[in-house]
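A.B. asks: Protein chains in written order, with my numbering: chain A, 1 to 561; chain B, 1001 to 1321; chain C, 2001 to 2313.
Cβ atoms here follow ideal geometry from the backbone N, Cα and C, with glycine treated the same way.
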Amino acid sequence: MKKRFTVAALVMMLVATGCGGGDDDESGTPPGQTGGPTTTAAPVRGGTLVVAIGSDPGSLNPAVTSNGGVHTASEMMFNGLVGWGVDGKPTPELAESWTVEGNGTSYRFKLRSGVKWHDGRDFTSDDVKFSFERALLRLHSRTQASMGTAQLTLETPDPLTVVFRFPNPYAPLLQQLNVTEAPIIPKHVYEGCADLATVAGCPANKTPVGTGPFKLDSYTINEIRMVRNPDYFRQGLPYLDALVQRVIPDQGTQLLALENKEIDWVGSVPGPDIERVKANGALGTATAPRGSGGGNCTLTGVFNLRPPAGRPAFFGDVRTREAFWRAVNREQAFRTVSFGQGKVAASPINSGITFAAATGLGLPSYDVNRARTLLDQVGWKDEGGGVRTARGVPNVPDGTKFEIDWHGFAGDQTTYGEQIRGQLRDVGIALTVKTEDNATFSAAVFNRREFDTAVVSYCNGDDPEIGFRRQVDTRQISTTAFSNGAGYSNPEVDSLLDRAAREPDPARRTPLYRQLQEILVKDLPYIWLTESAGLRAFNANCTGFNHENTGLFAEAASCRK
Amino acid sequence: MNRRYVVRRLLQVLPAVASILIVTFAVIHAAPGDPIVAVAGESGNEEYYAFMREKFGLDRPLHVQFVTYATNVFRGDLGTSFVQGQAVTDLIAERVGPTLLLMGSALLVSTIGGILLGALAARRPFGPFDLAVSTTALVGYALPVFWLAQLAMLTLAFRFGWFPIQGMTTARVSYTGWAHYADVARHLVLPSLVLAASEVALITRIARTGILAEMNSDYVRVAQAKGLSHSSALLKHALRNALLPVVTVVGTRIGFLFSGAVLVETVFGWPGLGRLVLSAAQTRDHPILLGMVLLVAFSLVISNLLTDLLYARVDPRIRYR
Amino acid sequence: MLPLVSGAPLAEPEAPHKWRVAIRSYLRHPAGMVGLALTLMMVVAGLLADVISPGDPFRTVADPLLEPSGSHWMGTDNLGRDVFDAIIHGARTSMVVVLGVVAIASVIGLTVGIVAGYRGGWVDDILMRITELFQSVPRFFLVLLIVALFGAGLDNLIYVLAFTSWPTLARVSRSEVLSVRDRVFVEAARSIGATDRRIVLHHVLPNVLPTAMVVIALTGSRIILLEASLSFLGLGDPTVMSWGYLVSNAQRFLRVAWWMSVFPGLAIAIAVLGINLMSDALNDVLAAYSKVTRPRWRRRRVVRGAAAPSLST
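1) Under 8 Å: do the segment 2207 to 2214 of chain C and the segment 2169 to 2184 of chain C share three or more Cβ pairs, one atom per stretch?
2) So what's residue 562 of chain A in DSSP terms, helix, strand or just coil?
3) When the cut-off is 8 Å and only beta carbons count, does residue 2233 of chain C lie next to chain F?
4) Applying a beta-carbon distance threshold of less than 9 Å, which residues of chain B neighbour residue 249 of chain A?
5) Round the Cβ separation of residue 170 of chain A and residue 150 of chain A to the nearest angstrom and send it over; I've been treating them as touching at under 8 Å.
6) Using the Cβ count rule (16 or more neighbours within 10 Å means buried), how would you classify residue 36 of chain A?
7) Let's test the definition: count the other Cβ atoms within 10 Å of the Cβ of residue 157 of chain A and tell me whether it reaches 16, buried, or not, exposed.
8) Can you list, in chain order, the residues of its chain with a C-beta nearer than 8 Å to that of residue 2097 of chain C? Leave out the 5 residues immediately preceding and following it.
9) Where do the ends of the alpha helix (DSSP H) carrying residue 341 of chain A lie?
10) Flag residue 2156 of chain C as yes if its beta-carbon sits less than 8 Å from any beta-carbon of chain A, otherwise no.
11) Tell me whether residue 488 of chain A is buried or exposed, calling it buried when 16 or more other Cβ atoms sit within 10 Å of its Cβ.
12) Out of curiosity, what's the CA-to-CA distance linking residue 404 of chain A and residue 432 of chain A?
13) Tell me where the beta strand (DSSP E) around residue 400 of chain A begins and ends.
14) Sort C:2246, C:2243 and C:2163 by Cα distance to residue 2219 of chain C and report the nearest one.
15) Specify, as a first and last residue, the run of the alpha helix (DSSP H) that residue 2207 of chain C falls within.
16) Determine, using beta carbons only, whether residue 1407 of chain B comes closer than 8 Å to chain C.
17) Measure from the C-beta of residue 1007 of chain B to each C-beta in chain C and report whether the shortest distance is under 8 Å.
18) Taking all protein chains shown into account, decide if residue 2315 of chain C is buried (16 or more other Cβ within 10 angstroms of its Cβ) or exposed.
19) Should residue 1216 of chain B be labelled buried (16 or more other beta-carbon atoms within 10 Å of its own) or exposed?
20) By the 9 Å beta-carbon criterion, what residues does the segment 1147 to 1164 of chain B contribute toward chain A?
21) State yes or no: is the C-beta of residue 548 of chain A within less than 8 Å of the C-beta of residue 86 of chain A?
22) Leaving aside the five residues before and after residue 365 of chain A along the sequence, list all residues of the same chain whose C-beta is less than 8 Å from its C-beta, in chain order.
23) Any beta carbon of chain C sitting closer than 8 Å to that of residue 1187 of chain B?
24) Grab the span of the alpha helix (DSSP H) containing residue 90 of chain A for me, first residue to last.
25) When DSSP labels each residue in this structure, what does residue 112 of chain A get in the three-state scheme?
26) Considering only DSSP beta bridges, list what residue 539 of chain A is partnered with.
27) Rounded to the nearest angstrom, what separates residue 2146 of chain C and residue 1286 of chain B at their Cα positions?
28) Measuring straight from C-alpha to C-alpha, what distance separates residue 462 of chain A and residue 228 of chain A?
29) Considering only the beta carbon of each residue, do residue 51 of chain A and residue 263 of chain A sit closer than 8 Å?
30) So, do the segment 2264 to 2282 of chain C and the segment 1119 to 1135 of chain B have three or more beta carbon pairs nearer to each other than 8 Å?
31) Any Cβ of chain B within less than 8 Å of the Cβ of residue 543 of chain A?
32) Do residue 307 of chain A and residue 400 of chain A have their CB atoms nearer than 8 Å?
33) Kindly indicate which residue of A:123, A:216 and A:526 has the alpha-carbon position closest to the one of residue 226 of chain A.
34) Going by DSSP, which residues form a beta bridge with residue 243 of chain A?
35) At the 8 Å Cβ level, is residue 6 of chain A part of the contact set with chain B, yes or no?
36) State buried or exposed for residue 2085 of chain C, treating a residue as buried only when at least 16 other CB atoms are found within 10 Å of its CB.
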């Protein structure tokens, strides 16, 4: 039995090396990968990769949300126009080639021919136009904030050509067309939907049809089972027969299951386990600069600057916000929550965007006494009982206690809140941590604005236009989830954003972004906490993972038996 | 068991059901804030609220609302989850299977195990085995089931590798037929043992007390005087009569089995109602929680009914007034 | 639905020094004394929480995930909080909840049970229907629903648990009253013109209390487990430290910090065990000193009411 298997494997390997190839973005040796054998031999075909996810995503359409859970679960079934290669260089995916015209005002893409949807129909430029106009520009917060503001229009002169036109030069486009930022969905499946954003309004959200390397086999509340797409446009890929995403809500249990060989991939290793995991020879690890929620993510505390009528404006005065900053020991919170993964945020723009992130900005440092003084100045008096009372605070009725809430997702975000809660008690602020799921959180924070503070992981992407702009642009104050949560509006900031977006020369953009960030440090509409970096761990018998284009991380993966 | 008793007992179900409906209705309407929020959730818009107000007749007088509520419940319409956007009945139906499987096996194991242990302990009362069993039972009864689950997962599953860590099936391979049942059984062992552990303690004590009482009763002593052996007396007479209290207790423990199953499922990632209840509790999704209250309450009514009928059938002394 | 039994058991005049004898025999009961010690440990921890572990148990006091050592007897958790301090404060939460629930449930349960048993007739019927009403709904899931609707405060929790715990006590005290009501000494008292109030207070109540105490103790231990289970699911009061919360927080770190789970779990087990031992000892002491020969089906009913402490959870 064993002998026969070895012979078969050898034959298959020979066949694979003979036929395969033609991949433009073979991962090679991705940076930061440790452990596992470096395979120079052809990969093994077959096998199932089991991936852990934290909860049932509810929907499998990545084009209508930027939510990480949905993306992790569904991206392997789709593609973008342009992928990410090593060093963030754009690589062809659904688009074979492209030309940039007019200094960045128009991009012409030649689409790959012969690409088929999972149901057999042909992929055409109409699908691209539909995906952007009906889905991405309306419902994906990063696309909406960036390309929507830049007034993108699409033209489809023929079925294999699509042109992106902007009134002003738009530099970051090629970084925003991969499967995480702009997955392409089929027009013929989704055009009949009443409401693309919900499952009730669009049942196809549970039975996705894409162009990706895997297609859906079954979707239950417990696991998502995908099988190999034999007609995938990249010949020879994927090597795996099946990909299973199993719901395991607890991170500790995920790791136990990985170590017990019940699963093969954990997207994010909890801090305290990192040392042990790295030392485990049966596991491989890789740092992930970007994940399914986007790249260059900064965990950000949101002050509600525009509460609805009837809700006290706790953070109307910038001194209160500064007091909050000074009461929170970000260093300590970072150490205990993130266990040293990533770093404390030193600027509003994520330091991963090297040309834009400013240094030496003078963010308020941890100073409890100064925090108390500031609160007294504003009118929050300490009258005994541990919680401050408002006396003469503008827009806050006298006698109101400084009791606020903190909304966040389960996991690190909630833990952060708990850490901060203890620190805030010292200055007389009572914080209640509210753990919510995606739908409840979005409704409370962005829809109804019924919150005092919230925490959002704003993923900046590779250009401030992609994921940073939506935080501070006046025009992004909307009900779209993960837009301008604070409700911050400063015309100076808006004009700086516009000027920087139109400036094609990166060297000239840097001072504009610096100016912008200096204003933000004065206004403090948010509290930038940590820049997160995840460590992924996987079965060392599996290789070929793509850690750059994370949406398709298992496209070229294979597992030895 | 006479017919009068059966009929009276069946009729008793009605006030029980009525109580359940009254209490749940009162709780929903006593909640602070607009009752529409209790019914339709916080994230709806005006149109949705108007629609739900109409559907549930929230502008109507209270007793009319109650009738609407009761009819909805009997029709199987338990509302819609705001967070998940699906009918509560569907959500529960999707997940109730694995939970019932877990509860059923725990019930079986704990009952059989408890009776066995109790009988063995009663053979030599206050002997070493009895003391060991009684002490273990006492301690076991005090252990919180979710903690026991964590310990079991860490030691038996992980450290010793005897059992799988999570889930009901192996993720890697899709088994069918007998292999599938075997796979499920393998995954079932640890969660059901943990759930049974809390129950075994109680059943052992009751079985032991009951058996000892029977062994001391006149008819058994007479039989023994006539030459019946100690073990035979235990098996043939004491055990059978001592089973009754066990049965009655088991019937009323369905409530605990449900709540215990929810807790055990969250630790082991068992794909049943546990995860649903946990997320509903955390997101304050009232319709799901209400659905669970009704499900468990009605299960209790039925199981109490069955145990009382069974009890009456077996024990001829029971008459109803 | 307990089958009702009519007919008074053998009458016996009450023993004069019943309490003192009972206490003395309790003191000689080994398991009971162990239980008393364990329970007292928890009560003292709860009462003196601010003395034994001053400061806010939610504060970070050291590096996270430290093993148990001389400076941190039970280690620290993932946020650098001292586990021992957290457990001491958790004892206070458990104690507050148990005492609150027991106080309210006892008052209601005893009153309803005694009035129903003593008065009989239509008063009895109505009170029993009301009792059934509160007993019909499963406690655990009802609390989940109520917390979702009313909020997760300690007082909400206490009220809900109390209102679902008194029915058992009412039933048990009612059946005790029934057994005492027609005894000779009660009739004697009535014949010399004692008021109902006097009879209830001086004759009925002292006979009901012992059994009632057994049930109350068992209720208390179930309440501790219930509160821990709720906090485990994240539904406890977030402003106070709770053992269940500690165990649920430990789930993620089982592999690296066993002490985060083991110690809080042990605390729960010890508290529950202590109270259970006490109630068992009380039961034994009562049984030894009750000169009444209970018919077999009465014994079963005591089993149902006492050793199977809650008919619904």
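C.D. replies: Taking the geometry as given:
1) Flag = yes, the segment 2207 to 2214 of chain C and the segment 2169 to 2184 of chain C touch.
2) Only positions 1 to 561 of chain A appear in this structure, which leaves residue 562 of chain A out of reach.
3) Looking for chain F here will not work: the only protein chains present are A, B and C.
4) Numbered from its first residue, the first sequence carries residue 249 of chain A at position 249. Close to residue 249 of chain A, with beta-carbon spacing below 9 Å, are these residues of chain B in chain order: 1266, 1269, 1275, 1278 and 1279.
5) By one-based count along the first sequence, residue 170 of chain A stands at place 170. By one-based count along the first sequence, residue 150 of chain A stands at place 150. Sure, about 5 Å apart at Cβ, within 8 Å.
6) Within the first sequence, numbered from 1, the residue matching residue 36 of chain A stands at position 36. The pLDDT assigned to residue 36 of chain A is 40, lower than 50, so where the model puts this residue is not dependable; a value taken from the coordinates is nonetheless given after this. When all chains shown are included, residue 36 of chain A counts as buried.
7) As a first step, residue 157 of chain A is located in the first sequence; it is residue number 157 there, counting from the start. With fewer than 16 other Cβ atoms within 10 Å, it is exposed.
8) By one-based count along the third sequence, residue 2097 of chain C stands at place 97. For residue 2097 of chain C, where only same-chain residues beyond five positions count, the Cβ hits under 8 Å are 2154, 2157, 2158, 2161, 2223, 2224 and 2227.
9) Position 341 of the first sequence, counted from the start, is the residue given in the question as residue 341 of chain A. That residue, residue 341 of chain A, is in no alpha helix (DSSP H); it is neither H nor E in DSSP.
10) Here residue 2156 of chain C corresponds to residue number 156 of the third sequence, with the count starting at 1. Not an interface residue.
11) Counting from 1 along the first sequence, the entry for residue 488 of chain A is found at position 488. Result: buried.
12) Here the question's residue 404 of chain A lines up with position 404 in the first sequence. Here the question's residue 432 of chain A lines up with position 432 in the first sequence. Answer to the nearest angstrom: the Cα atoms are 6 Å apart.
13) Taking the first sequence and counting its residues from 1, the one referred to as residue 400 of chain A is at position 400. That residue, residue 400 of chain A, is in no beta strand (DSSP E); it is neither H nor E in DSSP.
14) In the third sequence, residue 2219 of chain C corresponds to position 219, counting from 1. Nearest C-alpha to residue 2219 of chain C: C:2163.
15) Numbered from its first residue, the third sequence carries residue 2207 of chain C at position 207. 2205 to 2232 is the extent of the alpha helix (DSSP H) around residue 2207 of chain C.
16) What the structure shows of chain B is the stretch from 1001 to 1321, and residue 1407 of chain B is not part of that stretch, so it cannot be assessed.
17) Taking the second sequence and counting its residues from 1, the one referred to as residue 1007 of chain B is at position 7. Closer than 8 Å: no.
18) Here chain C has residues from 2001 to 2313 only, and residue 2315 of chain C is not among them.
19) As a position in the second sequence, residue 1216 of chain B is number 216, starting the count at 1. Its Cβ having fewer than 16 others within 10 Å, residue 1216 of chain B is exposed.
20) Taking 9 Å as the Cβ-Cβ cut-off against chain A, the residues of the segment 1147 to 1164 of chain B that qualify are 1153, 1154, 1157, 1158, 1161 and 1164.
21) Counting from 1 along the first sequence, the entry for residue 548 of chain A is found at position 548. Counting from 1 along the first sequence, the entry for residue 86 of chain A is found at position 86. Contact: yes.
22) Within the first sequence, residue 365 of chain A is the residue found at index 365, counting from 1. Taken in chain order, the residues that qualify are 326.
23) In the second sequence, the residue the question calls residue 1187 of chain B occupies position 187. So no, residue 1187 of chain B is outside the interface.
24) Reading the first sequence from its first residue, position 90 is the one you call residue 90 of chain A. Element bounds for residue 90 of chain A: not the alpha helix (DSSP H) but the beta strand (DSSP E), 90 to 92.
25) Locating residue 112 of chain A in the first sequence gives position 112, where the first residue counts as 1. DSSP places residue 112 of chain A in coil when its eight states are reduced to three.
26) Walking along the first sequence from the start, residue 539 of chain A turns up at place 539. For residue 539 of chain A, which the question treats as bridged, DSSP gives the partners A:283.
27) In the third sequence, residue 2146 of chain C corresponds to position 146, counting from 1. In the second sequence, residue 1286 of chain B corresponds to position 286, counting from 1. Whole-angstrom Cα-Cα distance: 9 Å.
28) Along the first sequence, read from residue 1 onward, the residue named residue 462 of chain A stands at position 462. Along the first sequence, read from residue 1 onward, the residue named residue 228 of chain A stands at position 228. Approximately 31 Å between the Cα atoms of the pair.
29) As a working note, residue 51 of chain A is residue 51 in the first sequence. As a working note, residue 263 of chain A is residue 263 in the first sequence. Against a cut-off of 8 Å, the Cβ pair of residue 263 of chain A and residue 51 of chain A comes out as a contact.
30) No contact exists between the segment 2264 to 2282 of chain C and the segment 1119 to 1135 of chain B.
31) In the first sequence, counting from the first residue as 1, residue 543 of chain A sits at position 543. Output row for residue 543 of chain A: interface = no.
32) For the purposes of this step, residue 307 of chain A is taken as residue 307 along the first sequence, with counting starting at 1. For the purposes of this step, residue 400 of chain A is taken as residue 400 along the first sequence, with counting starting at 1. Result no, Cβ atoms of residue 307 of chain A and residue 400 of chain A do not sit closer than 8 Å.
33) Position 226 of the first sequence holds residue 226 of chain A. Answer by Cα proximity: A:216.
34) Within the first sequence, residue 243 of chain A is the residue found at index 243, counting from 1. Residue 243 of chain A pairs with A:49 and A:226.
35) Within the first sequence, the letter at position 6 stands for residue 6 of chain A. With a pLDDT of only 42 at residue 6 of chain A, under 50, the local geometry of the prediction cannot be trusted, and no value is derived from it.
36) What you label residue 2085 of chain C is simply residue 85 of the third sequence in a count that begins at 1. Result: buried.
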